[in-house]
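Residue numbers (our numbering): 182 to 661.
See the structure below:
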């Protein structure tokens, strides 16, 4: 059972008990009030009869007294009206049932002796009755008593009607109070608690951005504020954990990449040394034989192919040796606009022949970067050559550089064929390439990655097949 339901039930029961006790006392008081009201009416009637009896006795007109008593019996609830002498003899109304019992009552004797009205309850024909005795003194007859007997069933009827009215009013009040309790409990307790429950469920489902609106200043309002503070702390902690996890994964990737570079470097050094010497011998012998053969000799063409392929192998070996050489960069203040302009000029012939249009967008007040100029030039040469290979039918390359506080961002965007999504995580791995066989060694971007990292920078790549590729390189600004 919900807290609100329990609270409403408890309060309703408490109100019902209190209301019942109140109604019981109210009904008792109402009964007493009705009896008192009837007694007042009877006293008024008795005083009226007393005056009439005195006047009639004075004029000796007993017929008028008899007629007056008969009229009094016609009053609602009056069972009989009798005039007794002190000895119990009935002067008027002596033919009525049960009158012989009245003179025997102690209250009758006390009324005559004390000269004060008395009343008592009795039964008449199986019905409860209220007897009112009023002592009077008659001229020439001495003390007498006027008795008025009133049927209490008249009081009970009025009492039952009043009781029903009071009970219905009490029930209506209890229903109204219970409804008010239900509404106030739902608005002030059940609804806020339900909101807290929904918020806790949302937090349990991982929605740490969930907040509970604070519209109250009581304990539930403070609880909602503490709940929001808790979710903010959880969200902040999750963000920190996520950030630390990303940093850890990035460091692990960098470490793995560095280990790969080191292993490949050692392999490249040994391989280049072992291959370099035999290649030099083969190339020398082939070049020695070429002059001895005529230009139309098929063997001459074969030797020329051999020399060309050996040159290609030699260039690959030189790349391997360069890749294997590990030396710290010579950091100095370097102008990125100069480096980028020189690279575009250096590759102008290749870019023009490939139908590549280059757009340079460089801020005029671009600060210097802390870099090795030669290595920095190698980075952008490799990136532009990659763009050239990605656009065999020509295209556009956009190079933009801008400063952001203590960092400089350089974007190299092309409109080439793009890189498949499954290949993006490996583009900086040594010997990994998406080019056709014989078109690349897979070392260019690895070299770029290593140089950027050695300069304390970062490099990211975004690509969409058929749209193009964007490299984002970030370098620290030169200075303290």
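Ideal Cβ placement from N, Cα and C applies to all residues, glycine included.
| Asked | Found |
| --- | --- |
| Residue range of the alpha helix (DSSP H) that includes residue 364 | 333 to 366 |
| Residue 517 and residue 547 closer than 8 Å at C-beta | yes |
| 8 Å Cβ shell around residue 563 - same chain, five flanking residues per side excluded | 625, 626, 628, 629 |
| Cβ-based neighbour list, residue 416, same chain, cut-off 8 Å, excluding 5 preceding and 5 following | 389, 390 |
| Distance CB(residue 266)-CB(residue 322) smaller than 8 Å | yes |
| Separation of residue 571 from residue 601, as counted between CA atoms | 12 Å |
| Beta-carbon proximity of residue 238 to residue 319, cut-off 8 Å | yes |
| Cutoff 6 Å; reference residue 188; Cβ partners in own chain excluding five residues on either side | 366 |
| Close Cβ partners of residue 409 (< 7 Å) along its chain, the five nearest in sequence each way excluded | 392, 393 |
| C-alpha gap between residue 650 and residue 544, whole angstroms | 22 Å |
| Beta-carbon separation (whole angstroms), residue 348 vs residue 249, contact threshold 8 Å | Not quite, the Cβ-Cβ distance comes to about 41 Å (not below 8 Å), so this is no contact. |
| Classification of residue 287 by the beta-carbon crowding that lies within 10 angstroms, buried from 16 upward | exposed |
| CA-to-CA distance, residue 515 to residue 554, given in whole angstroms | 6 Å |
| Contained alpha helix (DSSP H) runs [length at least 4] in the segment 377 to 409, N- to C-terminal order | none |
| Which residues DSSP lists as bridging residue 546, in chain order | According to DSSP, residue 546 bridges with nothing at all. |
| Where the alpha helix (DSSP H) containing residue 271 begins and where it ends | Counting along the chain, residue 271 falls outside any alpha helix (DSSP H), though it belongs to the beta strand (DSSP E) covering 271 to 273. |
| Three-way DSSP call (helix, strand, coil) for residue 618 in this model | Residue placement at residue 618 cannot be trusted, given a pLDDT of 49 that sits under 50; what the coordinates show is reported in the next sentence. If DSSP states are grouped into helix, strand and coil, residue 618 belongs with coil. |
| Burial state of residue 282, where buried means 16 or more other Cβ atoms lie within 10 Å | exposed |
| Residue 618 versus residue 383: straight-line alpha-carbon distance, rounded | Confidence in residue 618 is poor, its pLDDT being 49 and thus under 50, which makes the residue's placement too unreliable to answer from. |
| Beta-carbon proximity list for residue 334, same chain, < 7 Å, skipping 5 on both sides | 308 |
| Residue burial classification, residue 312 (beta-carbon count within 10 angstroms, cutoff 16) | buried |
| Buried/exposed call for residue 304, threshold 16 Cβ in 10 Å | exposed |
| Residues bridged to residue 326 (per DSSP) | 265, 316 |
| Below-8 Å beta-carbon distance, residue 222 vs any chain D residue | The chain inventory of the structure shown lacks chain D, comprising one protein chain alone. |
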